[in-house]
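These notes are about the structure you will find just below.
Chains as they are written, first to last, in my numbering: chain W, 22 to 323; chain R, 963 to 1253.
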């Protein structure tokens, strides 16, 4: 390359100036878009925190709701422990159902299926992901609740249907990131496909799978509609038995916000704050787990 | 690969020198007396509708190093990946012809590719160690194949054979990814030979390595061929001249409508290929007039 005329470096001409302006402009737009997203998140968190923080207390987390309709003893401290317990049970069960299925679907699609099957399953997952939650709630209502009544199992099943495409999709994506050279390396020593997948490919994806699972948990932890159909007619008090309908945080928020009592509204805000905090810590925890497992893989203890 | 690009004239003289040095080792017995490991007949390999390789017929022999040389795109890699069914992973891949391995056609549909690869190991162009410890890289295959007795001795033996033991014996638990490129490639060789295959295929094993690491790997081939048979793809002619007993020259043929495919031009003892090739195209290639 000729380096004869370097004066161009000192004397910016018009075209260079125009490019610089365009560059700055694009940078600014991108920055603004990011700022708007952060701004709205900030507004939501702040308004929820402002309205709900005053209600947050130890009792709020540990005492159950009283019966609605004013039949409960007056001035008794009440909380939402029943809703937290129910959400914990239902989301936990849903994760236990959706996670293994989602991972198996992803393994099949990415490691074994033909190209045609792969795109067909991918499309199915996208459609399932696009089905409104209320439709899934209604589907589970017809499938389970009509015959067996409401239960945490039915609610968990509905949430699992929502989680399944999220878990499967994110696992497919991380599996696709594992380089083929690793699969070839494993196959070349004479390992069968399933050993290659379980022993070499899957451990590479633990971080991504956990992150995807956490996002799915965060998504369904706030789902209300499917639970209205499947687990909303609840007994008072804190219960853990999944064969009966259990109160959940989003359904509690929904009901409390409909109440005539302003104290109930404040409780709804506080429950929303707890939900947001849970999602925040779950995401942070997932990240921590992901980096830890990645470092562990890199250090290769297993 | 700049160190391998030299002037044509000096390149050919270097090769001849390498061949002469090489020939001091041992004369090859006549081919009829050698034991065939591979007998390949009319192998044609097709990706989608594009033939990558047409009508290749050649043999590879026990305890010899067989090199496959040729310009980029001549189907060398496709060829060697046919020998352990690695192309099965490519959805659009098809092949015709037979590849007899000790008399058994391994290209046949009813042959289990996993069993084939268990006998015929492979080392790849880019070192691809598992993201596990050095020890586990070698031990994983052993565990999968149920060779769990004397695991640590087997690992040590493989690493010693791959001339890596002294460098890693104090840090077997360290990640394989902490090794240098040349060490990683030797680890991959250790991983391949740990499971005691019959043949080791090498697809340009030194193309991403510096000359010293390359030399180490070539030295390994010399030492290991008493135990294994090797088929090695290389685009470095000096390397073929240094390590190979037999050399196959592949080149690109062009059809009337501009289609291109790889073809076997000439296959003979390495000395013959580099000093007295019978095909003009081979001569042009090894003297640096082409490719």
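For every residue, glycine included, the Cβ atom is placed at its ideal position computed from N, Cα and C. Note that the structure is predicted; figures quoted are calculated from it, not measured.
Buried or exposed (CB count within 10 angstroms, at least 16 for buried), residue i
i	result
residue 1045 (chain R)	buried
residue 1094 (chain R)	buried
residue 940 (chain R)	Examination of residue 940 (chain R) is not possible in this model, given that chain R is present from 963 through 1253 alone.
residue 1212 (chain R)	buried
residue 262 (chain W)	exposed
residue 1097 (chain R)	buried
residue 1221 (chain R)	exposed
residue 1141 (chain R)	buried
residue 244 (chain W)	buried
residue 1248 (chain R)	buried
residue 1223 (chain R)	buried
residue 246 (chain W)	buried
residue 989 (chain R)	exposed
residue 1135 (chain R)	exposed
residue 63 (chain W)	exposed
residue 302 (chain W)	exposed
residue 52 (chain W)	exposed
Strand pairing of residue i, partner residues [DSSP]
i	result
residue 1163 (chain R)	R:1084 and R:1193
residue 1020 (chain R)	R:1002
residue 1013 (chain R)	R:1008
residue 1223 (chain R)	R:1215
residue 1055 (chain R)	R:1009
residue 1030 (chain R)	R:1195 and R:1210
residue 183 (chain W)	Answer is none; residue 183 (chain W) lacks a bridge partner.
residue 1137 (chain R)	R:1095
residue 1151 (chain R)	Its beta-bridge partners do not exist; DSSP assigns none.
residue 1066 (chain R)	R:1063
residue 1241 (chain R)	Looking at the DSSP assignment, residue 1241 (chain R) forms no beta bridge with any residue, so it has no partner.
residue 1230 (chain R)	R:1209
Inter-residue spacing [alpha-carbon to alpha-carbon] between residue i and residue j
i	j	result
residue 210 (chain W)	residue 110 (chain W)	44 Å
residue 287 (chain W)	residue 192 (chain W)	39 Å
residue 331 (chain W)	residue 225 (chain W)	No answer is possible for residue 331 (chain W): it lies beyond the span of chain W, which begins at 22 and ends at 323.
residue 222 (chain W)	residue 172 (chain W)	38 Å
residue 1017 (chain R)	residue 1008 (chain R)	11 Å
residue 284 (chain W)	residue 130 (chain W)	50 Å
residue 1204 (chain R)	residue 1196 (chain R)	12 Å
residue 149 (chain W)	residue 1214 (chain R)	49 Å
residue 1181 (chain R)	residue 1003 (chain R)	31 Å
residue 1080 (chain R)	residue 1137 (chain R)	25 Å
residue 163 (chain W)	residue 219 (chain W)	37 Å
residue 170 (chain W)	residue 251 (chain W)	8 Å
residue 1159 (chain R)	residue 196 (chain W)	29 Å
residue 1216 (chain R)	residue 1083 (chain R)	33 Å
residue 138 (chain W)	residue 1143 (chain R)	38 Å
residue 132 (chain W)	residue 126 (chain W)	10 Å
residue 115 (chain W)	residue 178 (chain W)	6 Å
residue 47 (chain W)	residue 194 (chain W)	29 Å
residue 1069 (chain R)	residue 1076 (chain R)	12 Å
residue 166 (chain W)	residue 1010 (chain R)	51 Å
residue 299 (chain W)	residue 49 (chain W)	33 Å
Same chain only: Cβ atoms within 6 Å of residue i, ignoring 5 sequence neighbours per side
i	result
residue 90 (chain W)	Legend: pLDDT at residue 90 (chain W) = 47, less than 50; position of this residue unreliable, value from coordinates given subsequently. Counting only Cβ-Cβ distances below 6 Å, and skipping sequence neighbours, we find nothing.
residue 94 (chain W)	The predicted position of residue 94 (chain W) is uncertain, since its pLDDT is 48 and thus under 50; a value taken from the coordinates is nonetheless stated next. There are no such residues.
residue 1176 (chain R)	1168
residue 15 (chain W)	An answer regarding residue 15 (chain W) cannot be provided, because it is not within the stretch 22 to 323 covered by chain W.
residue 1049 (chain R)	1043 and 1055
residue 1005 (chain R)	1018 and 1059
residue 1154 (chain R)	1083, 1085 and 1162
Spatial neighbours of residue i in its chain, beta-carbon cut-off 7 Å, leaving aside the 5 residues before and after
i	result
residue 1126 (chain R)	1145, 1148, 1149 and 1152
residue 1121 (chain R)	1100, 1127, 1130 and 1152
residue 1235 (chain R)	1209, 1211, 1228, 1244 and 1248
residue 1090 (chain R)	1150
residue 294 (chain W)	69, 70, 73, 74 and 77
Neighbourhood of residue i by C-beta distance below 8 Å, restricted to the same chain and skipping five residues each side
i	result
residue 1270 (chain R)	An answer regarding residue 1270 (chain R) cannot be provided, because it is not within the stretch 963 to 1253 covered by chain R.
residue 216 (chain W)	207
residue 306 (chain W)	235
residue 231 (chain W)	307, 310, 311 and 314
residue 1035 (chain R)	1214, 1222 and 1224
residue 158 (chain W)	179, 246, 247, 248, 249, 250 and 251
Touching by the beta-carbon criterion (3+ pairs, under 8 Å), the stretch 229-237 of chain W and the stretch 68-78 of chain W:
no
May I ask you to verify whether the stretch 1225-1235 of chain R touches the stretch 1196-1208 of chain R, counting CB pairs closer than 8 Å and requiring at least 3?
yes
Are three or more beta carbon pairs between the stretch 133-145 of chain W and the stretch 305-313 of chain W nearer than 8 Å?
no
Is the stretch 1099-1119 of chain R touching the stretch 1052-1069 of chain R in the sense that three or more CB pairs, one from each, lie closer than 8 Å?
No: fewer than three Cβ pairs fall under 8 Å.
For the stretch 1236-1247 of chain R against the stretch 1060-1068 of chain R, do three or more pairs of beta-carbon atoms, one drawn from each stretch, fall closer than 8 Å, so that the two count as touching?
no
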